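Asks: Chains as they are written, first to last, in our numbering: chain A, 1 to 111; chain B, 112 to 223.
Note that beta-carbon positions come from the ideal geometry of N, C-alpha and C, so glycine has one too.
None of the values given here were measured: they were computed from a predicted structure.
#1: Please report the straight-line C-alpha distance between residue 78(A) and residue 125(B), rounded to a whole angstrom.
#2: Under 9 Å Cβ-Cβ, which residues of chain B neighbour residue 109(A)?
#3: Against chain B, does residue 31(A) count as a neighbour if the rule is that its beta carbon must be under 7 Å from one of theirs?
#4: If I follow the unbroken beta strand (DSSP E) through residue 156(B), where does it start and stop?
#5: For residue 160(B), which residues of its own chain have a beta-carbon under 6 Å away from its beta-carbon, when the five flanking residues on both sides are left out?
#6: At the level of alpha carbons, what is the spacing between residue 49(A) and residue 223(B)?
#7: Buried or exposed for residue 140(B), please, with buried defined as at least 16 other CB atoms from any protein chain shown within 10 angstroms of its CB.
#8: Candidates 74(A), 84(A), 88(A): which alpha carbon is nearest residue 5(A)'s?
#9: What number of angstroms, rounded off, separates the C-alpha of residue 220(B) from the C-alpha of residue 131(B)?
#10: Using only the alpha-carbon positions, how far apart do residue 34(A) and residue 134(B) sit?
#11: Checking the sheet assignment: what are the DSSP bridge partners for residue 173(B)?
#12: Do the CB positions of residue 41(A) and residue 213(B) come within less than 7 Å of each other?
#13: Check the C-beta distance from residue 89(A) over to residue 100(A) and give it rounded, since I have them as a contact under 8 Å.
#14: Measuring only the C-alpha atoms, how far is residue 39(A) from residue 111(A)?
#15: Just by C-beta distance, which residues in the region 171-182 of chain B are closer than 9 Å to chain A?
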């Protein structure tokens, strides 16, 4: 089975802190994605990546950046966390344009 | 851009059938998916349908696709309390990018 692992289940950070969310997949998938999930809004795509060192903006990239130095790892970076970035963050991976496999999510609270 | 719409809440009694509906705007979507999210968990792929099909059945799940109306539905037969979850409809975005566009999610409440 595909395993997508997010390093933290819960995180609490202060406004202005730099925050790193880590995601690792073990199935040699080319594509990796970061979504945020908010009640009533569903999942919104922040960034995605097709390959190592490649990244593309999703629908809501403002305030975020990403890093993909190795194929299995895709990091989401909040340069200066703000309260409106309190959310559930979901990482996913896929092989080419096939179905997505998700991690368990990281619930981030910014105080 | 692509838009996917779902109603937010559905309540059924145990043993009844549940039907969760979804509408979308991009007719070029190749694959259409249903994901399930249980409390405190990530999304789990439940089933999917290719755009040239109009129906797919998998045990208690039936997916119906009406391409003309851009309408997708998920029917769960003999709904159980373990089916209580949020169900997300998702469609593949334009181009061969692997991106999925998600609906808002429908919370299914199953009453005993």
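Replies: Taking the structure as given:
#1: Counting from 1 along the first chain, the entry for residue 78(A) is found at position 78. Counting from 1 along the second chain, the entry for residue 125(B) is found at position 14. Residue 78(A) and residue 125(B): Cα-Cα distance of roughly 43 Å.
#2: Taking the first residue of the first chain as 1, we reach residue 109(A) at position 109. Within chain B, no residue comes near residue 109(A); the closest Cβ sits about 15 Å away, beyond 9 Å.
#3: On the first chain, position 31 is the one that residue 31(A) refers to. Yes - at least one Cβ of chain B is within 7 Å of the one on residue 31(A).
#4: In the second chain, the residue the question calls residue 156(B) occupies position 45. Taken as a continuous stretch (DSSP letters only), the beta strand (DSSP E) holding residue 156(B) covers 154-161.
#5: Stepping through the second chain from its first residue, residue 160(B) is reached at position 49. Within the same chain, residue 160(B) has close Cβ partners 143, 167, 174, 176.
#6: Along the first chain, one-based indexing puts residue 49(A) at 49. Along the second chain, one-based indexing puts residue 223(B) at 112. Approximately 44 Å between the Cα atoms of the pair.
#7: Mapped onto the second chain, residue 140(B) falls at position 29. Classification for residue 140(B): buried.
#8: Residue numbering aside, residue 5(A) sits at position 5 when the first chain is read from its first letter. The shortest Cα separation from residue 5(A) among 74(A), 84(A), 88(A) belongs to 74(A).
#9: Residue mapping note: residue 220(B) aligns to position 109 of the second chain, counting from 1. Residue mapping note: residue 131(B) aligns to position 20 of the second chain, counting from 1. Using only the alpha carbons, I get a separation of about 12 Å.
#10: One-based indexing of the first chain puts residue 34(A) at position 34. One-based indexing of the second chain puts residue 134(B) at position 23. Distance between the alpha carbons of residue 34(A) and residue 134(B) is about 24 Å.
#11: Taking the first residue of the second chain as 1, we reach residue 173(B) at position 62. Per DSSP, 168(B), 186(B).
#12: Walking along the first chain from the start, residue 41(A) turns up at place 41. Walking along the second chain from the start, residue 213(B) turns up at place 102. At least 7 Å separates the beta-carbon of residue 41(A) from that of residue 213(B).
#13: In the first chain, residue 89(A) corresponds to position 89, counting from 1. In the first chain, residue 100(A) corresponds to position 100, counting from 1. Taking 8 Å as the upper bound for CB-CB distance, residue 89(A) and residue 100(A) are not in contact here, some 15 Å apart.
#14: Residue numbering aside, residue 39(A) sits at position 39 when the first chain is read from its first letter. Residue numbering aside, residue 111(A) sits at position 111 when the first chain is read from its first letter. Taking the straight line from one Cα to the other gives about 19 Å.
#15: Taking 9 Å as the Cβ-Cβ cut-off against chain A, none of the residues of the region 171-182 of chain B qualify.
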